[in-house]
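*Asks:*
Protein chains in written order, with the numbering used here: chain A, 752 to 1258; chain B, 234 to 775; chain C, 932 to 1248; chain D, 927 to 1209.
Structure, rendered in structure tokens:
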């Protein structure tokens, strides 16, 4: 019995410990002074600014590396490490003036040779590289040289008026090749440490060229398994900033502790229709699908209304490149959808499948709502969840699917958004093929005049809509919860977290 | 302290198991009234359910929680036990009242050495205030008293390393350690073989005389009390219906129930009429076994584990055994436990790998085993068993399905009747049959295969006398009418004497004596045979 | 002594073969499921050329069989390989996550024992009484609640009722050991709940069964008190029969921790495992699976040994 | 002269099997009835979304409320019972078949075959179920079938163990020896002589298996590997509902209630079976 009594005592004291330590738990991160914790849902992995492709990596290193130009949170492309650029009339030579007084994290000064090295590395022109550009968009660079007056001259293979937005590529010190392990840039924060699966910690860059910035001493990017895990962490106060929430989840948060920011994400959520499979190869069927769906309901169900309806391949956040005249083309019209289906010979509907990546709840939910809506016109859609790797392999790279739901991300470059609709593009996973569009997309980079280019973009968008190449659904609003203890956080319409202007509230 | 003639006085004791549904059930003990005299051995006899165990538990104070004593009193040395504080009563256990039970195999904690368990008897009674050395000495003395030469070694042994008889001795040592005035023995010998039974009874008697311990001896077998008890009481349905001195009851029962118990106990009176077939020893034998040597083959794993264990394991091994069974013959095979009888049977039946040759003339050999509980498959009906046996014999008959079915049915009912069971048993399952009936079905299963030889391994050992008698009758009938030979393994010498013309005695894995029954049992040459006969004589008084 | 050694060697060989078989199964599974490591690492926006470059860099262009054998070879030289996705040694990655998984399992196991054992003893002393019945029914209900639902309810309860915050706060044991245990308590409790029910049920019936054993009657007749019989005979005997169930519970807990850490957002092996699967990181995945299998097999191994130590019959049977 | 003395009045006996059965059957009947009704009709279509009426609290029109798609939770619970029951029953059937087919010969023949089968079983038990589910998805395609196969495979070793141990005990009994002496072939011994006697041990294991499968399936759903949307199982509904635990608790309450009823019902019945069988064994 003695043993039993001992055990009971241990049990009781363990319970006591439970309560006391639970009380202790909550305090841990809240009093961290002049630091911020950002929740991220994608595991970072690559810190080399030139090999980085995954959006999840970019959102962190945005604070570490800087390019010659840099976007701000309103989508404006501003000079950064360059003070300006001169573009030749045929848009084949770019000449950058380099900013003075910029120091790398390792203490060295930025000069033209660093820029030349970085750009060459990114475009695959260094000795020992096989010519494949690390940043594929910079493939068209023929040479990078430093001029005698400290300027950097970039010569292109052919004229390309759309290239400036890719000079946001990070600049690293000359001959530095260890960016993956020890990133060195010029950004407001220095790379400190990376715990795989847990966190990335950045420290303040004391010598940042923009005086007074940044405010915070350190920033921790903490990996959360998914949105709901992040939500729980938010609720428990262990993270300060968490982007990519949905409205209904954001609404569960205590409004005295968190400000909810929302902003267009410049993403394009697409109900992708594989243009090369029966019966989706019939434009009437694709149009019927476009008419059958109710984008407003989908946004209501998946984002709790926080999204912008899309009828075409571009978000209205793209400003003038976006063609407003296409708005409302595909407002829900069940009768029209049925008529189109009947015309195509499918008056009794048909069966298709929708392969969605299970890790993205919003896409899975969209598919569920789509399936329910399509049933009304007789289309039976079966949902197949696959994991992300399978999706990439089978759907994106293999193009073995009927339909899928995914969001296409992009920078502010309109060519980025529309380039994939070229029939030969790697990213053309919907197998769209239209010779007019191909031709237009070849012409655009050679066109120097902005207005002319805009017109051409509008033409492309028109073709895409005319062909109903897929069903575009929404530009989901990015909803970010920011602790009320912080201020100055700006939501970018891109997949980045700019921490440089964030500071403690009241300071 | 005043001496009481009666050390225990049970006065009009009534005991029942009331439940929520039935608050006033039929009593299990009904006005039981008796006394145990100081220094005597009192036998308490009755069939299972007669209330003899409840009586003993009531005296010891170990009744199940659901039991409720509704009236009466129990006095021990003048003190009313039922008035006592439970703590006080518990203190009496082990010190004033000792108890031993039926099943020695499970009565010791398997995780504790014998010595530790004996020591607990001493440590449980805190007022003894013995030093560890004193305790050790007391235990050693008692172990020697109960007949262990190697007391030191036994002290550190675990129960599973001991034989049944040794365990019972350890238990007796535990019960007698504090020299209690009363020792309650609840069927202490019923799971032991005759030779061991005799020695245990001798030990108990010895304790009674040497240590002046009064014994309440409980048994279902009247013959076991012969020459052991001073007085005997017979219980039935919770009442004591007869009481007398042992010799009077055994020789001259006054009560009809007692008389019936007595007849049951004496199997021999019933089997007198059973005549086995005459045997022609010139015919070629149905079974010839030559030079059988066998042991339990162990896997590498077990062998590895066994290293460093005890060597006694190698006992169950056969050494060069040869035997023949002739047609029509009932061959008796006797031997003490561990003599290798069962190993021999398993080798003969081809169930064990062995050296030597076994030659069985007929294709089918029937077998009946000891345990009536597991001899039939509990999942199936009698009919299924017989059909399965018929099917396994491989004897196919022609005809349509219906004809064959009818023929099968006829054969099944035929053999069943031969074994004394009617058609109504066909659809019963084993748990609806008594032990004797199950053994009969097992025989029927053999018969349906029309074997020339049936090997019966201790078929009577778990049956009561009347069932055994019926089974024997069936066996002799089969032997006569079907000319089926039997190889009958048993430890019951009575049966062998009555029905087997020839007998083989086994000991330590060898055949130590072989010959006609009259010769071997009349004038045993081997030690083993002599020991068996002596034990038999002591218990059954032949 | 030689016998014991042989026994261990036999068990050890069995263990190794099991582990080999497990790694082979993982390998087979990997060759079946679609997905390209390099593509997952680079995301959809990478060009095929970039993907091919990375594939060559990681050695993914070699046939799977060769990759498996080189991995296996590495294992024999105590080098479990380098993770593709994290570009770190697998051993290091696992070591980082171990404190969570092992700690959570250990705390959960302690909870199971500390809670179920006394309850079972109390329940079994008076089987059928109201207290026992209530315990049994609650046990059954606990059994019926999936651990992740329990986790959610616990989080909700902790945050709303007691206004304690727990989820996601992970403290390294090297920083603050009490804090480390503290942040593991709630998730451990969520895993432990159904196992408490299971172990309670088993222990209770085992104790009840042992209490009716013949040797208990013998001990009673020797004058031992109920308590002494319980402590010296009944509990040791029911412990022996519980060893197997305890090892099963332990491996269940290990498995359960993989899901629960997801809900509580703790950096344990489960998330690493999921991430290894979703990133098609073969060295990492096989490393983790191998490791978990190793622990499981070792657990069974230890329970075998423990059983043979606790029960003298097993040694000689 | 003597007062009537009662030693500890006690009226309790170990609970009757019938109590377990009646509680178990009532609970299970509730779930099964829901399932049967759902085969013919549900108040609403369980998959029909309605953005206008999402996340409604329980009300007369939607007694169990609606979910984030505006789907009727009652209808979904009803149709979920179908998948839950189907998956658990089919999964148990598969593991039962695999378990007996491997476990009985392993126990009966022993030796190398036994070693091999047990080794494979242990390996499967060490193998992460999630990975197995992924493989099943890859091999069989995303459907309920793959869930069932994965579950069947994951749980087969448990049954194999029960069968193996049971067979090892039974094969030593006289009636099996007798059958061998009679010349019955091993296959027949295993199927007709041994298997029926394993049923008492397999029954409770099967019932517990049903419950465990339900739990495991919900765990798989939680990781997106179980039932595919828009179909639902109790487990999937629970995992979907967790995001709304603060705003729409009814999403978690009703499926959880059904799940608990189902599992509790199964447990009570298995408990009843255990009592019945253990009594039958003693007779």
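All residues carry an ideal CB built from backbone N, CA and C; glycine is no exception.
Since residue 1126 of chain C contacts residue 1180 of chain C with CB under 8 angstroms, what's their CB separation in whole angstroms?
*Replies:* Right, the Cβ-Cβ distance comes to about 5 angstroms (below 8 angstroms), so this counts as a contact.
*Asks:* Between the Cα of residue 582 of chain B and those of D:1151, D:1108 and D:960, spot the shortest distance and give me the residue it belongs to.
*Replies:* Here the closest residue by C-alpha is D:1108.
*Asks:* For residue 1106 of chain D, go through chain B and note every residue whose CB falls closer than 9 angstroms to its CB, in chain order.
*Replies:* Chain B residues near residue 1106 of chain D: 582, 583 and 584.
*Asks:* Three-state secondary structure (DSSP) at residue 1108 of chain A?
*Replies:* Three-state result, residue 1108 of chain A: strand.
*Asks:* Restricting to runs no shorter than 4 residues, where is the alpha helix (DSSP H) found entirely within the stretch 1009-1061 of chain C?
*Replies:* Whole alpha helix (DSSP H) segments, 4+ residues: 1021-1056.
*Asks:* For residue 947 of chain C, which of C:991, C:1018, C:1003 and C:1087 has the nearest alpha-carbon?
*Replies:* Nearest C-alpha to residue 947 of chain C: C:1003.
*Asks:* Between the stretch 256-270 of chain B and the stretch 462-479 of chain B, are three or more C-beta pairs nearer than 8 angstroms?
*Replies:* Yes: the two stretches touch, three or more of their Cβ pairs being nearer than 8 angstroms.
*Asks:* Using a Cβ-Cβ cut-off of less than 9 angstroms, list which residues of the stretch 988-1003 of chain A approach chain D; keep chain order.
*Replies:* From the stretch 988-1003 of chain A, only 997, 999, 1000, 1002 and 1003 have a Cβ closer than 9 angstroms to chain D.
*Asks:* Suppose only complete runs of 4+ residues qualify. What are the alpha helix (DSSP H) ranges in the stretch 268-295 of chain B, listed by chain order?
*Replies:* List check, alpha helix (DSSP H) in window: 285-293.
*Asks:* Could you check where the beta strand (DSSP E) with residue 1213 of chain A kicks off and where it finishes?
*Replies:* Residue 1213 of chain A -> not in any beta strand (DSSP E); alpha helix (DSSP H) instead, spanning 1201-1218.
*Asks:* By DSSP's criteria, residue 847 of chain A is part of a beta bridge. Which residues make up the other side?
*Replies:* Residue 847 of chain A is bridged to A:836 and A:903.
*Asks:* When you compare the CB of residue 611 of chain B with every CB in chain D, is at least one pair closer than 9 angstroms?
*Replies:* Output row for residue 611 of chain B: interface = yes.
*Asks:* Tell me which residues share the same chain as residue 1208 of chain C and place their Cβ nearer than 8 angstroms to its Cβ, disregarding the 5 neighbours each side in the sequence.
*Replies:* Here the set comprises 1216.
*Asks:* Residue 1183 of chain A and residue 1172 of chain A look like a contact to me (Cβ under 8 angstroms); what is the Cβ gap, rounded to whole Å?
*Replies:* Rounded, the Cβ-Cβ distance is 5 angstroms, consistent with contact.
*Asks:* Use the C-beta contact count for residue 1256 of chain A: other C-beta atoms within 10 angstroms, 16 or more gives buried, fewer gives exposed.
*Replies:* By the 10 Å Cβ count, residue 1256 of chain A comes out exposed.
*Asks:* Between which two residues does the beta strand (DSSP E) holding residue 1020 of chain A run?
*Replies:* Its beta strand (DSSP E) spans residues 1019-1024.
*Asks:* Quick one: residues in its chain with C-beta nearer than 7 angstroms to the C-beta of residue 575 of chain B, no 5 flanking neighbours on either side, listed in chain order?
*Replies:* Only 690 meet the Cβ criterion.
*Asks:* Which class does residue 598 of chain B belong to by DSSP, given the choice of helix, strand or coil?
*Replies:* In this structure, residue 598 of chain B counts as strand in the three-state DSSP scheme.
*Asks:* Mind reading off the beta-carbon distance from residue 977 of chain A to residue 1055 of chain A? Whole number of angstroms is fine, and I expect it under 8 angstroms.
*Replies:* Contact doesn't hold; Cβ gap of about 17 angstroms is too wide.
*Asks:* Kindly say whether residue 1090 of chain D, judged by its beta-carbon, lies nearer than 9 angstroms to any beta-carbon of chain A.
*Replies:* Not an interface residue.
*Asks:* Please confirm if residue 1089 of chain C has its CB atom under 9 angstroms from at least one CB of chain D.
*Replies:* So no, residue 1089 of chain C is outside the interface.
*Asks:* Measure from the C-beta of residue 783 of chain B to each C-beta in chain D and report whether the shortest distance is under 9 angstroms.
*Replies:* Outside the displayed span of chain B (234 to 775) sits residue 783 of chain B, for which this structure offers no information.
*Asks:* Taking C-beta pairs closer than 7 angstroms, name the residues in chain C that residue 495 of chain B reaches, listed in chain order.
*Replies:* Going along chain C, no residue has its Cβ under 7 angstroms from residue 495 of chain B, so there is no contact; the nearest lies around 30 angstroms.
*Asks:* Return yes when the Cβ of residue 341 of chain B is within less than 9 angstroms of the Cβ of residue 1149 of chain C, no when it is not.
*Replies:* Yes, these two residues count as a Cβ contact at 9 angstroms.
*Asks:* Please list, in chain order, all residues of the same chain as residue 1192 of chain A whose beta carbon is under 6 angstroms from its beta carbon, the five residues on each side excluded.
*Replies:* So the list reads 1173, once near-sequence residues are dropped.
*Asks:* Determine, for residue 980 of chain D, whether the minimum Cβ-Cβ distance to residues of chain A falls below 9 angstroms.
*Replies:* Chain A, which has a Cβ nearer than 9 angstroms to the Cβ of residue 980 of chain D, makes this yes.
*Asks:* Suppose you measure from the CA of residue 243 of chain B to the CA of residue 365 of chain B; what does that come to, to the nearest Å?
*Replies:* One C-alpha to the other measures close to 38 angstroms.
*Asks:* With distance defined between alpha-carbon atoms, name the residue in D:999, D:1043 and D:992 nearest to residue 949 of chain C.
*Replies:* When only C-alpha atoms are compared, the closest one is D:1043.
*Asks:* Near residue 1070 of chain D, which residues of its chain fall below 8 angstroms by C-beta distance, leaving aside the five closest residues on each side in sequence?
*Replies:* So the qualifying residues of the chain are 1009, 1012, 1013, 1153, 1154 and 1157.
*Asks:* What does the Cβ neighbour count give for residue 966 of chain D, buried or exposed, with the cut at 16 atoms within 10 Å?
*Replies:* The residue in question, residue 966 of chain D, is exposed, as its Cβ has fewer than 16 Cβ neighbours within 10 Å.
*Asks:* Identify the contact partners of residue 1168 of chain D in chain C, using a Cβ-Cβ distance below 7 angstroms as the criterion.
*Replies:* 1083, listed in chain order.
*Asks:* Going residue by residue through the stretch 1171-1200 of chain A, where are the continuous beta strand (DSSP E) segments of at least 3 residues, counting only ones entirely within it?
*Replies:* The stretch 1171-1200 of chain A contains no whole beta strand (DSSP E) run of 3 or more residues.
*Asks:* Report the option in D:1120, D:1077, D:1103 and D:1111 whose CA atom is closest to the CA atom of residue 1093 of chain D.
*Replies:* It is D:1120.
*Asks:* Does DSSP put residue 1128 of chain A in a helix, in a strand, or in coil?
*Replies:* Residue state, collapsed to three classes: coil.
*Asks:* Residues in the same chain with beta-carbon distance under 8 angstroms from residue 1175 of chain C, minus the five sequence neighbours each way, listed in chain order, please.
*Replies:* The answer, listed in chain order, is 1234 and 1238.
*Asks:* Roughly how many whole angstroms lie between the Cα atoms of residue 701 of chain B and residue 1045 of chain C?
*Replies:* Answer to the nearest angstrom: the Cα atoms are 55 angstroms apart.
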